[in-house]
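Heads up: the structure comes next, in structure tokens.
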Amino acid sequence: TCATGLPVSLTIRTAPSRNSGSNRRLLSPTTQPSLWFRSPRYEGKRNTVSESDDFVGLGGDSLGLVHLAGRVQERLGASVPVRALAADPTFANLVRRVLEASKATASGPVLLRQGERTLPVCFVPALTGGPMAYLPIADQLDGWTCYGFAPPRPGPRRPRTVAEYAEHYRGELAAVADRPYVLAGWSMGAIVAHELAHRAERSPALLFCIDGHPAWQRATALSPAHLAAVLPQLRAWAWAARGHALERRSRPPGNQGEARAAVAGLLALLRYRARPLEVPTVILRANLSSRGRHRLQRRLAGLYPEGVDVLGMEGGHWGLLTEAGATRIAALLGAAVLEQRVQEKNR
198 TCATGLPVSL
208 TIRTAPSRNS
218 GSNRRLLSPT
228 TQPSLWFRSP
238 RYEGKRNTVS
248 ESDDFVGLGG
258 DSLGLVHLAG
268 RVQERLGASV
278 PVRALAADPT
288 FANLVRRVLE
298 ASKATASGPV
308 LLRQGERTLP
318 VCFVPALTGG
328 PMAYLPIADQ
338 LDGWTCYGFA
348 PPRPGPRRPR
358 TVAEYAEHYR
368 GELAAVADRP
378 YVLAGWSMGA
388 IVAHELAHRA
398 ERSPALLFCI
408 DGHPAWQRAT
418 ALSPAHLAAV
428 LPQLRAWAWA
438 ARGHALERRS
448 RPPGNQGEAR
458 AAVAGLLALL
468 RYRARPLEVP
478 TVILRANLSS
488 RGRHRLQRRL
498 AGLYPEGVDV
508 LGMEGGHWGL
518 LTEAGATRIA
528 ALLGAAVLEQ
538 RVQEKNR
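Quick note: the sequence shown uses the numbering used here, first residue 198, plus one each step.
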């Protein structure tokens, strides 16, 4: 099963590009498919699928298609439209779309949605899920141009500190941030976005943090609230990194390699000590009372001298992956940008 507990997962084999100057990986153009997905129905029967096999018919759903597209993006650097997969969720369409997308470059920001507004939204990946995790939110942002940054590939040069993660994304941000923009991140992505805002040549008009934020005046490892959130994940993912299976209810990562990368990211988070950022900031927090949000807002005032608002987020930490949660987050983001623009005009 896949990392989210859905009955369908993706396995990919790739051939290296003939272009030695590129790290892009392409599908091998052979008659035997080099990309396939498995489900419990295939176990013990066969190790390939037919072109007519249907993702939804095998038990997948719309959320599963988001994760499927995310895995393709992470493993191949190929951006496959989820809408195209939803319209035709067959294996043949998946292969066709990946082959088409693999002709494009594998590096750089992923365009999640094209809109006419002049203020783009740039999403920084969390530990898992890649840029496609933000697609449900982008789908709700009518008129907005939304980009998702591609996470670093596994390997010895993978970032080991939050600063190194931010440096990795700085080039992607520069490619789209030639005008005012919103910088957003979920979970650890919010913390990396904080550091990235420091390092960007042009500061964002707004920092939008989705159920994640840095500790203030201490490293994360010394923050009881952050430790309570990080340690259970670190324990489970360290177990997966040793090759043990995660429980069905566990969230990504879905394999040993991804688990190792996630553990490295959590360790980087524990060592991070944030600096004050002079950018207007909105933080969404799940499972926090009104009193708790007010207390957190007062505590973070020194970290965000330009102003910080802490708002409630429904649906728990993984709420952005649901339609209701994504709709609510998109509405809060739009309202926050509008309020910030009004304040700028009144200055």
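Note that beta-carbon positions come from the ideal geometry of N, C-alpha and C, so glycine has one too.
Just so it is clear, the structure is predicted and the values come from calculations on it, not from any experiment.
Membership of GLY513 in any beta strand (DSSP E) is not indicated, and neither H nor E is assigned to it by DSSP. A distance below 8 Å between beta-carbons, with the five flanking residues on each side excluded, links SER249 to the following residues of its chain, in chain order: THR287, PHE288 and ALA289. Here ALA374 is buried. Its C-beta has 16 or more other C-beta atoms within 10 Å. Counting the other CB atoms within 10 Å of its CB gives THR315 a total below 16, which places it among the exposed residues. Selection ILE480, HIS514, TRP341 and ALA323 evaluated against VAL507 yields ILE480 as nearest (Cα-Cα). Residue environment: HIS491 is assigned as exposed (fewer than 16 neighbouring CB atoms within 10 Å of its CB, all protein chains considered).
Here SER400 has ALA394 and VAL476 as same chain residues with Cβ atoms under 7 Å from its own Cβ, once five neighbours each way along the sequence are excluded.
Between the region 331 to 344 and the region 305 to 323 there are three or more inter-stretch CB-CB distances shorter than 8 Å, so the stretches are counted as touching.
Taking every protein chain shown into account, the CB of GLY409 has 16 or more other CB atoms within 10 angstroms, so this residue is buried. Residue pairing from DSSP places TRP383 in a beta bridge opposite ILE407. The continuous alpha helix (DSSP H) containing TYR366 extends over residues 359 to 373. Counting along the chain, the unbroken alpha helix (DSSP H) around GLY489 starts and ends at 487 to 496. In this chain, the beta strand (DSSP E) harbouring ALA483 covers 478 to 483. DSSP links THR342 through a beta bridge to no other residue.
Cβ contact annotation for ALA527 (same chain, cutoff 6 Å, sequence separation greater than five): ILE334, GLN337 and LEU338, in chain order. If you look at ARG310, you'll find it in the beta strand (DSSP E) that goes 307 to 310. In its chain, beyond the 5 residues on either side, VAL379, LEU380, VAL476, PRO477, THR478, VAL479, ALA533, VAL534 and GLN537 have a beta carbon closer than 8 Å to the beta carbon of LEU403. Around the Cβ of GLU369, a 10 Å sphere holds 16 or more other Cβ atoms; the residue is buried.
Relative to GLY305, the option among PHE346, LEU282 and CYS319 whose CA is nearest is PHE346. Contact between ARG294 and VAL279 is ruled out by a C-beta separation of about 10 Å, above the 8 Å threshold. LEU467 and ALA523 have their C-alpha atoms roughly 28 Å apart. If you look at VAL279, you'll find it in the alpha helix (DSSP H) that goes 279 to 284. Shown here, VAL253 sits in coil according to DSSP, grouped into three states, outside any helix or strand.
Nearest to GLU392 by alpha-carbon distance, out of PRO317, ILE407 and ARG470, is ARG470. In the DSSP annotation of this structure, the continuous segment of the alpha helix (DSSP H) that includes LEU332 starts and ends at 332 to 337.
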